[in-house]
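Asker: When we follow our numbering, the leftmost residue of the sequence shown carries the number 4, and every step to the right adds one.
Even for Gly, the Cβ is constructed at its ideal location relative to N, Cα and C.
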Amino acid sequence: MRISVDAVLFDIDGTLVDSTGAVERTWRLWAEAHGTDPDEILEVSHGRRSEDTIAMFLPDEQVAEATAELEELELADLDGVTALPAAAELLAALPATRWAAVTSGTRRLMTARLEAAGLPVPGVLVTADDVTVGKPDPQGYLGAAARLGHDPARCLVVEDAPAGIRAGLAAGADVLAVATSHDRFELEGLGATEVVDNLTRCSLETGPDGLVLGTP
4 MRISVDAVLF
14 DIDGTLVDST
24 GAVERTWRLW
34 AEAHGTDPDE
44 ILEVSHGRRS
54 EDTIAMFLPD
64 EQVAEATAEL
74 EELELADLDG
84 VTALPAAAEL
94 LAALPATRWA
104 AVTSGTRRLM
114 TARLEAAGLP
124 VPGVLVTADD
134 VTVGKPDPQG
144 YLGAAARLGH
154 DPARCLVVED
164 APAGIRAGLA
174 AGADVLAVAT
184 SHDRFELEGL
194 GATEVVDNLT
204 RCSLETGPDG
214 LVLGTP
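Now the structure itself:
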């Protein structure tokens with residue numbers, strides 16, 4: 004892959020930050036408290052807003068309170084949250100006006116995880132708090148591109164989860180899928196421009212006319 008774009012839009016959990024241990028621990032604690040099967044939750048939760056996942060298991064009138072409860076568990080557990088390989092280097096090489104993050108987590112939680120991983124918090128951060136519909140809907144990616152001032156068709160979305168890949172494609176962007184949280188076979192065939200093992204496979208050139216990202 005060698006693609007010229009104006010901006011890069013990153014997912015956070017599983018793309019820039021390895022928070023798998025914390026995510027699994029908190030969902031299991033939450034599931035135990037609510038009498039639900041944690042394995043069933045973890046099967047469908049990745050890449051989606053917590054409230055959308057919780058709505059699959061609890062009545063509507065309980066979703067808001069249960070979502071707030073989960074967030075407090077997540078904020079209390081940042082153990083083992085680290086930057087994924089090459090994430091820090093890639094972000095450091097990008098001009099601040101040329102990248103954003105779009106996440107299914109809340110602003111408080113994603114800021115805490117980025118800081119715990121030693122990664123910068125972008126000037127444009129679109130979170131679960133900023134959208135009315137979560138991934139795989141493209142609303143978050145469309146909003147990030149607009150706030151950066153770039154056409155979504157001239158953006159590259161970097162994602163690790165099927166829901167996020169579908170959101171990026173629905174926004175009209177090219178999509179680079181990283182197989183950091185899912186097996187490659189789960190991501191291939193979804194329409195991503197390229198699937199790589201992780202961000203160490205990426206090269207970046209910056210210039211006055213934009214960015215050129217490549218993979219071997």
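1. Checking 8 Å against the spacing of the C-beta atoms, do G146 and V134 come in under that value?
2. Can at least three beta-carbon pairs, one atom from the stretch 185-198 and one from the stretch 62-79, be found at a separation below 8 Å?
3. Mind reading off the beta-carbon distance from A89 to L202? Whole number of angstroms is fine, and I expect it under 8 Å.
4. Alpha carbon to alpha carbon, how far is A91 from G17? Give it in angstroms, no decimals.
5. Contact defined as beta carbons within less than 8 Å: I believe V105 pairs with G152. What is the distance between those atoms, to the nearest angstrom?
6. Using only CA atoms, which one of A131, A182, C158 lies nearest to R51?
7. Which parts of the stretch 110-194 are runs of the alpha helix (DSSP H), unbroken and 4 residues or longer, counting only runs that do not cross its ends?
8. By the three-class DSSP mapping on this structure, what secondary structure does D63 have?
9. Rank R204, E162, E208 by C-alpha distance to the C-alpha of A195 and give the top, closest one.
10. Taking E118 as the reference, which of I6, I15, S7 has the closest Cα?
11. Tell me, to the nearest whole angstrom, how far the beta carbon of P141 is from that of A170; I am working on the premise that it is less than 8 Å.
12. Going by CA-CA distance only, name the one from P219, T209, L207 that's closest to V198.
13. Provide the residue span of the alpha helix (DSSP H) that contains G24, from first to last.
14. Quick check on V8: buried or exposed, where buried means 16 or more other Cβ atoms within 10 Å of its Cβ?
15. Please name the residue in L179, A174, L207 whose C-alpha comes closest to that of L93.
16. From R111 to V20, what does the alpha carbon distance come to, in whole angstroms?
17. When the Cα atoms are used, what is the spatial distance from T39 to T209?
Answerer: This is what the structure gives:
1. Result yes, Cβ atoms of G146 and V134 sit closer than 8 Å.
2. These segments do not touch.
3. With a Cβ gap of about 4 Å, A89 and L202 count as contacting.
4. Inter-residue distance for G17 and A91 is about 14 Å (C-alpha atoms, whole angstroms).
5. G152 and V105 do not touch by the CB rule: their CB atoms are close to 16 Å apart, not below 8 Å.
6. The residue with the shortest Cα to Cα distance from R51 is A131.
7. Secondary structure in the stretch 110-194: the alpha helix (DSSP H) runs of 4 residues or longer, each lying completely within the stretch, are 110-119, 142-151, 165-173, 187-190 in chain order.
8. It is helical.
9. The candidate whose alpha carbon is nearest that of A195 is E162.
10. Closest by alpha carbon: I15.
11. The Cβ separation is near 5 Å, so the contact holds.
12. Considering only alpha carbons, the answer is P219.
13. Taken as a continuous stretch (DSSP letters only), the alpha helix (DSSP H) holding G24 covers 23-37.
14. V8 should be labelled buried.
15. Nearest option by C-alpha distance: L207.
16. When the Cα atoms are used, R111 and V20 turn out to be separated by approximately 15 Å.
17. Spanning the two alpha carbons is a distance of roughly 48 Å.
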